[in-house]
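Q: Position 67 (the sequence shown) corresponds to 57 in our numbering; numbering is contiguous. Note that beta-carbon positions come from the ideal geometry of N, C-alpha and C, so glycine has one too. Computed from a prediction, not measured in an experiment: that's the story for all the values here. First the structure, which I've put down as C-alpha cells, then a few questions once you've had a look.
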Amino acid sequence: MTSIRLLACSALALLSLTATAAAAAVPQNPKRPPKPVRVDVATVKRLFGNDPTVEPVDNPLTPEKVALGKALYHDQSLSKNGNLSCASCHDLANYGVDNKRVSPGSTQQDGERNTPTVYNAFRQFAQFWDGRAKNVEEQSTGPMTNAVEHGLDDEAELVAKLKAKPELVAGFQKAFPDAAEPVSVQNFQLAVGAFERTLVTKSRFDKFLDGDQRALTNEEKQGLNDFMQVGCITCHTTRLLGGHMYQKSGLLAPYPSEDPGRAKITGNDFEKGFFKVPQLLNVEKTAPYYHDGKVATLEEAVQKMAKLQLGKDLTDEQTASIVAFLKALTGELPEEFAPKKPQ
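The following block contains the structure:
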C-alpha cells in the first residue's frame, strides 16, 4: 500500500492531471482580474471539501477520558528530568507549536525535526513527519520513550511515573472504570488521543467551503486561484490542505538535507527524502517551516516550494497573493487555550 501511495504521489507531482484540470477552471489572464474575483466553487469543493481518509479508531470520547488526557498532556513529571510535557513543545496557546527550528528535550538536547502542530493532527492519515504512527493514540507514547525528547527508558518507566501520582491514578480509574488495571500504556494512549481529538480549529476558508461566499476577501480569493493555478494542489488538497500523502522533498530541484525521511522507517531506498505532506491549517502561525525548520518565513516557504516541487519561479505578486490565501486558513483557538485579551 505504501509503495502504491508513493508511486501515485510522484506521478501526481511530475504530471498532475488534477492540477491541469483545476488550472483550466481558473482565469489565466496574467493581469489581476477586476473585482469581484471569481472562484470556481465546484472545483474548490472537489479539491478541498473533504478530510483525508483515515483508519477508524475505537476511542469514544468521554468527559473523564478527555480530562485525563488533558492532565497527561500538561504533566512535566512524565519526563526523565521532570521538566518537559507535551505542552512544552506543542503549546496550545501558540497554535500547538513552539516556533523553534527544532525543540529541546528533557536533557536540553535538540531534536532533529521541526515540531508539527497538534491542532487538527488527528485528522491526518498518519502522524510524525515520516508517518511512523498511524494515529494520535499510537503517536502519544513515541516521544515519551524517545531519548532526545521525554527521555524515559521504556514504557514500564512511564507506567511507574503514572502510578506515583495519586491524582493521575484517580483520573485513570474515572476514565476507565471497567478496566482490571486502569493505569496502563494503552489507556495512556487512549486518554491523550481523546484529548487531542478535541483540538480542532475552524478558519474562514472552512466557512467559505461551507457556503459562505463572503468569508474570503477578494485578495484571498485571488490567492486561492493562484494556489490552484500554480500547482500547489499537486500535494496540498483535502480540507487540511495536506496531511493525506507522502511526497519527496526536493522533487524537481534538490533540497539540502541528510534526513532519509520515510526510508529510515521502511528501509526502502526509493523512499529517501519522502515526508508526509504537512497540513496547512494555521500555517501562518507555525513558523519555521519544512521538516528541518530551516525556512523562517511563509513567503520564503511558498517560493521555495514552487521551485523545489514544481520547478516554477513565482513573482513577488504571486507569492503575496498565495500567502494572503494561506493566512485565511488561520482559525480561532479554543477559548480555554486562547491567550487572554487585555481588558
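#1: Going by beta-carbon coordinates alone, are Gly141 and Thr107 separated by less than 7 Å?
#2: Report the three-state DSSP secondary structure of Gln269 (helix, strand or coil).
#3: Could you please give me the residues that DSSP links to Ala337 through a beta bridge?
#4: Going by the CB atoms, is the gap between Ala243 and Lys297 shorter than 7 Å?
#5: Thr287 to Leu51, Cα distance in whole Å?
#6: How would you label Ala14, buried or exposed, when you count the other beta carbons within 10 angstroms and need 16 or more for buried?
#7: When DSSP labels each residue in this structure, what does Pro94 get in the three-state scheme?
#8: Quick one: what's got a C-beta closer than 7 Å to Asn272's C-beta in the same chain, skipping five residues either side?
#9: Is the stretch 73 to 82 touching the stretch 198 to 211 in the sense that three or more CB pairs, one from each, lie closer than 8 Å?
#10: Let's see if you can read the secondary structure: which residues bound the alpha helix (DSSP H) around Gln163?
#11: Taking only runs that begin and end inside the stretch 240 to 294, name each unbroken beta strand (DSSP E) of 3 or more residues, in chain order.
#12: For Thr97 and Phe166, what's the separation of their Cα atoms in angstroms?
#13: Out of Glu261, Phe265, Arg252, Gly72, which has the shortest C-alpha to C-alpha gap to Gly233?
#14: Pull up the distance between the alpha-carbon of Phe327 and that of Lys275, whole angstroms please.
#15: How many angstroms separate the CA atom of Val159 from the CA atom of Gln66?
#16: Decide if Glu45 is buried, meaning its Cβ has at least 16 other Cβ atoms within 10 Å, or exposed.
#17: Skipping 5 residues on each side, what residues in its chain have a beta carbon closer than 7 Å to that of Gly72?
#18: With distances taken Cα to Cα, identify the nearest neighbour of Gly301 among Glu157, Phe195, Gly221.
#19: Please report the distance separating the alpha-carbon of His103 from that of Asp282.
#20: What do you reckon, are the CB atoms on Gln335 and Asp216 nearer than 7 Å?
#21: From Ala12 to Thr228, what distance separates their C-alpha atoms?
#22: Are the beta-carbon atoms belonging to Pro278 and Arg122 less than 7 Å from one another?
#23: Does DSSP put Ser69 in a helix, in a strand, or in coil?
#24: Use the C-beta contact count for Gly201: other C-beta atoms within 10 angstroms, 16 or more gives buried, fewer gives exposed.
#25: Around the Cβ of Val292, are there at least 16 other Cβ atoms within 10 angstroms (buried) or fewer (exposed)?
#26: Drop a sphere of 10 angstroms on the beta-carbon of Asn19, count the other beta-carbons inside from all chains shown, and report buried for 16 or more, exposed for fewer.
#27: Roughly how many angstroms separate the alpha carbons of Glu289 and Ala57, rounded to a whole number?
#28: Is the beta carbon of Ala116 less than 7 Å from the beta carbon of Lys124?
#29: Leaving out the 5 sequence neighbours to the left and right, which residues in its chain are closer than 6 Å to Asp100 when beta-carbon positions are compared?
#30: In this structure, how does DSSP classify Ser78 when only helix, strand and coil are distinguished?
#31: Going by DSSP, what residue range makes up the beta strand (DSSP E) through Gln176?
#32: Can you tell me whether Asp48 is buried or exposed, with buried defined as 16 or more other CB within 10 angstroms of its CB?
#33: Looking at the unbroken beta strand (DSSP E) that takes in Tyr236, where does it start and where does it end?
#34: My parser needs the alpha helix (DSSP H) runs of 4 or more residues fully inside the stretch 187 to 212; what are they?
#35: Work out the CA separation of Val313 and Met134 for me, nearest whole Å.
#36: Rounded to the nearest angstrom, what separates Lys60 and Val149 at their Cα positions?
A: With the structure as the only source:
#1: no
#2: coil
#3: Outside the shown range of the chain, which is -9 to 333, sits residue 337, and nothing can be said about it.
#4: yes
#5: In this model, Thr287 and Leu51 are separated by some 37 Å (Cα to Cα).
#6: Because Ala14 carries a pLDDT of 44, less than 50, the predicted location of this residue cannot be relied on, and no value is offered for it.
#7: In this structure, Pro94 counts as strand in the three-state DSSP scheme.
#8: Cβ within range, chain order: Tyr85, Thr107, Tyr109, Thr191, Leu319, Thr320, Gly321.
#9: no
#10: 156 to 165
#11: 264 to 266
#12: 33 Å
#13: Phe265
#14: 15 Å
#15: 16 Å
#16: exposed
#17: If we look at Gly72 and ignore the five residues flanking it on each side, its Cβ neighbours are Gln66.
#18: Gly221
#19: Looking at the sequence shown, residue 103 is not His but Arg. Each residue's alpha carbon lies about 5 Å from the other.
#20: Any question about residue 335 goes unanswered here, given that the chain covers just -9 to 333.
#21: Note that Ala12 scores 45 on pLDDT, short of 50, meaning its location in the model is unreliable and no value can be drawn from it.
#22: No, the Cβ-Cβ distance between Pro278 and Arg122 is not below 7 Å.
#23: coil
#24: exposed
#25: So Val292 counts as buried.
#26: Here Asn19 scores only 47 on pLDDT, less than 50, and its place in the model should not be relied on; the value that follows carries that caveat. Counting C-beta atoms within 10 angstroms of its own C-beta, Asn19 has fewer than 16 neighbours from the protein chains shown and is therefore classed as exposed.
#27: 39 Å
#28: yes
#29: Val92, Pro94
#30: helix
#31: Gln176 -> not in any beta strand (DSSP E); alpha helix (DSSP H) instead, spanning 175 to 186.
#32: exposed
#33: Tyr236 -> beta strand (DSSP E) spans 236 to 238.
#34: Restricting attention to alpha helix (DSSP H) runs no shorter than 4 residues, the stretch 187 to 212 encloses them at 194 to 199, ordered along the chain.
#35: 36 Å
#36: 17 Å
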